[in-house]
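One structure below.
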Amino acid sequence: QSEFNAYVQEFLTLLGEIDLVLEKLPEWVKATPAKKNMLIMLDEAYIQPQPLGVVLIIGAWNYPLVLLIQPLIGAIAAGNAVIMKPSEVSENTAKILAKLLPQYLDQDLYVVVNGGIEETTELLKQQFDHILYTGNTMVGKIIMEAAAKHLTPVTLELGGKSPCYVDRDCDLDVACRRIAWGKYMNCGQTCVAPDYILCESSLQNQIVQKVKETLKEFYGENIKESPDYERIINLRHFKRILSLLEGQKIAFGGETDEATRYVAPT
Numbered sequence: 037q038s039e040f041n042a043y044v045q046e047f048l049t050l051l052g053e054i055d056l057v058l059e060k061l062p063e064w065v066k067a068t069p070a071k072k073n074m075l076i077m078l079d080e081a082y083i084q085p086q087p088l089g090v091v092l093i094i095g096a097w098n099y100p101l102v103l104l105i106q107p108l109i110g111a112i113a114a115g116n117a118v119i120m121k122p123s124e125v126s127e128n129t130a131k132i133l134a135k136l137l138p139q140y141l142d143q144d145l146y147v148v149v150n151g152g153i154e155e156t157t158e159l160l161k162q163q164f165d166h167i168l169y170t171g172n173t174m175v176g177k178i179i180m181e182a183a184a185k186h187l188t189p190v191t192l193e194l195g196g197k198s199p200c201y202v203d204r205d206c207d208l209d210v211a212c213r214r215i216a217w218g219k220y221m222n223c224g225q226t227c228v229a230p231d232y233i234l235c236e237s238s239l240q241n242q243i244v245q246k247v248k249e250t251l252k253e254f255y256g257e258n259i260k261e262s263p264d265y266e267r268i269i270n271l272r273h274f275k276r277i278l279s280l281l282e283g284q285k286i287a288f289g290g291e292t293d294e295a296t297r298y299v300a301p302t
């Protein structure tokens with residue numbers, strides 16, 4: 037990630053989450069009156085929120101701080117113990133989290149487990165009170181299957197496709213600017229980034245041209261040298277993207293550099 041993107045998408049998001057929790061927590065933990073029926077009409081009935089217990093959070097590599105720490109904030113606020121499994125793909129962030137979090141959190145209640153498939157598989161054999169996972173659908177199915185053995189509830193944020201429809205009556209300048217920002221932020225490595233554009237054929241060339249102009253505004257004439265344009269996370273994903281470019285008609289971009297895992301906005 038670029039310095040700017042990391043600050044805005046990771047740190048500011050987490051600071052906003054902390055502020056929200058500090059403001060709303062007294063309200064969230066209050067007991068609320070429950071609707072009564074004839075059997076308990078003379079009783080006092082309330083619903084009191086309680087901690088779930090031990091929560092497993094499995095983070096993702098594309099936003100390695102916010103996708104792990106944001107659910108951690110909520111879990112702590114709700115009174116739960118947490119085991120965190122950072123993504124092994126973002127190995128530097130995983131190492132920093134394993135080093136820093138024990139310095140500020142109770143190590144008996146909040147544990148960081150680093151590793152790959154083997155460590156995650158062992159974790160999923162254990163019984164948790166809730167599991168949160170951000171990542172792809174294939175792994176999501178594995179996690180849900182493991183959780184089902186213990187009837188553990190899960191929260192799964194999985195990948196999908198994000199089409200973007202541009203209507204002929206919209207402001208094309210605004211639309212193309214927002215599409216370019218959403219797509220190329222973090223070098224396209226965002227789960228809800230626009231995947232493709234749907235529009236009338238008469239708009240196609242205009243949209244392509246306006247996206248080109250926006251990219252030059254965002255990153256300058258030499259995009260590769262821009263401090264704000266990021267790189268692909270690793271070589272495996274770099275080669276996967278190269279395979280997607282094969283045989284395509286490229287209107288803009290398409291340049292790549294394996295040594296730096298650079299893929300031009302395309």
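The sequence shown lines up with residues 37 to 302 when you count with our numbering. Even for Gly, the Cβ is constructed at its ideal location relative to N, Cα and C.
Handout entry: Candidates M221, L133, V190, I269: closest to Q45 by CA position
Key = M221
Checklist line | Three CB pairs or more closer than 8 Å across the stretch 192-203 and the stretch 113-120 | finding: no
*Less than 8 Å separating the beta-carbons of L92 and I167?*
yes
_Within a Cβ cutoff of 8 Å, which residues of the same chain sit near E236, ignoring the five residues on either side of it in sequence?_
R204
Exercise for the section: With distances taken Cα to Cα, identify the nearest neighbour of V147 among E154, A130, R297, P85. Expected result: A130
field: C-beta atoms of K268 and C227 nearer than 8 Å
entry: In the sequence as displayed, the identity of residue 268 is Ile instead of Lys. It is not a contact, given that the beta carbons lie outside the stated cut-off.
Using the C-alpha atoms, what's the distance from Y298 back to K260?
7 Å
P85 to G110 span [Cα, whole Å]
13 Å
**Message:** Going by DSSP, what residue range makes up the alpha helix (DSSP H) through T173?
**Reply:** 173-184
Contact between the stretch 238-247 and the stretch 210-218 (3+ Cβ pairs under 8 Å): yes
Going by the beta-carbon positions, is the gap between Q106 and T68 smaller than 8 Å? no
Open item on the list: Residues in the same chain with beta-carbon distance under 7 Å from E266, minus the five sequence neighbours each way, listed in chain order, please.
Closed with: Q37, S38, N41, N222, C223
*What is the residue span of the beta strand (DSSP E) that K131 lies within?*
Per DSSP, K131 belongs to no beta strand (DSSP E); it is in the alpha helix (DSSP H), 127-140.
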